[in-house]
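According to the working numbering, the residues represented by the sequence shown are -18 to 281, in order.
Even for Gly, the Cβ is constructed at its ideal location relative to N, Cα and C.
Fair warning: this is a prediction, and the values are worked out from it, not measured in the lab.
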Amino acid sequence: MQDVLLGFDNVTGYENHTCYFGAVIGRNGNRIANAQLTINGVCYQLDANDNENNLHSGAKGVDKLVWDVKEHTENTITFLCKSADREQGFPGNMDVEVTYVLTDDHAVELRYKAVSDQDTVANFTNHAYFNLEGHASGDVLGHELMLRASNFTPVKDAKAIPTGEIAPVAGTPMDFTTAKTIGRDMESDDVQINYGGGYDHNFVLDKSENGAYELFAEVYAPGTGIVMKAYTDLPGVQFYSGNFITTENGKQGAVYKKRQGFCLETQFFPNAVNEPNFESPVIKAGEVYTTKTCYRFGVR
């Protein structure tokens, strides 16, 4: 038995840290170029909190809001928040729900639901940092990762905005189609690895059809034998190898540092709202946005 999530012992830790440990991210996960987007011919200015770009919806993302408990059962809980029109710069008053489900087959499901009174962006994710050796065990470079992703979206530079290209992973350090350790190619002299200081890239998931809910990742920790399988109906996942974790005083006296946790943030692609080559995260007024991601645990 291991606690496999990086985190804090109290609310203050979550309020004050900058790494988004365990946070629900929205309305838009990941980056939007120049902190601007246009919907129906209207340009909306967002918070430029990551160079000139918007990251995770800025300083007033839903991760900063207090959510209400809508309902709960023995193994489920649904949280509700209201995101006001232009609160983050996005149009529309939006009601957002996230339901956590603990299943009988050792999984946690995250179910998202949102509706807005105006056309707007809906691209929610969770920023959990996993370490399957145990949250205080050190780096994750020895974890073995498989991603069902034959392509990824290269970034322009260290500011991590995609070029718009969908590029094959074959022959690059981005190839996790066959399981390998996270650290195997981490120090390779590859321009994309150099831009991110490691892995911090969106992978294009191989789908049997658009919107299919399918296995997309499997992670194995040799030291504990713990396996995590991940499923989603979304088109992409940001694999982040914890490159920018600075010293964080975590739970149970742990001190978290660089690459001591990894993230698999399911999503629409970064800057998708501005990139015609990517699937759009825009929903219509009154349209109900729903999506589901699941992390299932076992032992090999």
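Open item on the list: Tell me which residues share the same chain as Tyr276 and place their Cβ nearer than 6 Å to its Cβ, disregarding the 5 neighbours each side in the sequence.
Closed with: Val89, Met209, Ala211
Task: Spatial neighbours of His(-2) in its chain, beta-carbon cut-off 8 Å, leaving aside the 5 residues before and after - done: Phe(-11), Glu229
Task: Distance between Arg129 and Thr158 (C-alpha atoms, nearest Å) - done: A direct Cα-Cα distance of roughly 6 Å separates Thr158 from Arg129.
Open item on the list: Only counting the same chain, and skipping five residues up and downstream in sequence, which positions put a Cβ closer than 7 Å to that of Lys140?
Closed with: Asn32, Asn34
TODO: Select from Leu61, Met(-18), Ile142, Gly206 the residue whose C-alpha is nearest the C-alpha of Gly7.
DONE: Minimum Cα distance to Gly7 is reached at Leu61.
Open item on the list: Does Gly(-6) come out as helix, strand or coil in the three-state DSSP assignment?
Closed with: helix
Open item on the list: With H, G and I counted as helix, E and B as strand and the rest as coil, what does DSSP make of Tyr93?
Closed with: strand
Open item on the list: Three Cβ pairs or more, each shorter than 8 Å: is that satisfied between the segment 63 to 77 and the segment 11 to 26?
Closed with: yes
Task: Asn258 (DSSP reduced to helix, strand or coil) - done: coil
Open item on the list: According to DSSP, is Gly177 part of a helix, a strand, or is it coil?
Closed with: Under the three-state reduction of DSSP output, Gly177 falls in the helix class.
- [ ] Spatial neighbours of Asn74 within its chain, please: CB distance less than 8 Å, with the 5 preceding and 5 following residues excluded, ordered by chain position.
- [x] Lys63, Ser64, Ala65, Asp66, Ser97, Asp98, Gln99
Open item on the list: Just verifying my parser: in three-state terms, what is the DSSP assignment at Gly217?
Closed with: Strand.
Task: Test item: CB-CB of Arg12 and Pro216 under 7 Å - done: no
Task: Same chain, Cβ closer than 7 Å to Gly10, five either side skipped, listed in chain order - done: His37, Asn104, Phe105, Thr106, Glu246, Gln248
- [ ] Please classify Gly39: does DSSP put it in a helix, a strand, or coil?
- [x] helix
Open item on the list: If I follow the unbroken beta strand (DSSP E) through Leu(-13), where does it start and stop?
Closed with: Element bounds for Leu(-13): n/a, residue is neither H nor E.
Task: Residues near Phe184 in its chain [Cβ-Cβ closer than 7 Å; skip 5 each side] - done: Leu128, Ala130, Phe133, Gly217, Val218, Phe220
Task: Backbone secondary structure at Gln26 - three-state DSSP - done: strand
- [ ] Compare the Cα-Cα distances from Phe225 to each of Lys265, Cys244, Gly234, Thr213 and report the closest residue.
- [x] Cys244
Task: Range covered by the beta strand (DSSP E) that runs through Asp138 - done: Unbroken run through Asp138: none, as it is neither H nor E.
TODO: Could you check if Ala109 is buried or exposed, using at least 16 other CB atoms within 10 Å of its CB as the buried criterion?
DONE: buried
Open item on the list: Which same chain residues end up closer than 6 Å to Ile58 when comparing Cβ atoms and leaving out the 5 residues on each side of it in sequence?
Closed with: Tyr81
Open item on the list: Looking at the secondary structure, which residues open and close the beta strand (DSSP E) in which Ile226 lies?
Closed with: No beta strand (DSSP E) holds Ile226; DSSP gives it neither H nor E.
Task: Runs of beta strand (DSSP E) wholly within the segment 51 to 110 (minimum 3 residues, chain order) - done: 57 to 64, 75 to 83, 88 to 97
Task: Beta-carbon gap between Val280 and Ile207 smaller than 7 Å - done: yes
- [ ] Under the assumption that Ala95 contacts Val77 (Cβ atoms under 8 Å), give the Cβ distance between them as a whole number of angstroms.
- [x] A Cβ-Cβ separation of about 5 Å places Ala95 in contact with Val77 under the 8 Å criterion.
Task: Closest Cα partner of Asn15 within the set Asn255, Gly152, Gly123, Ile264 - done: Asn255
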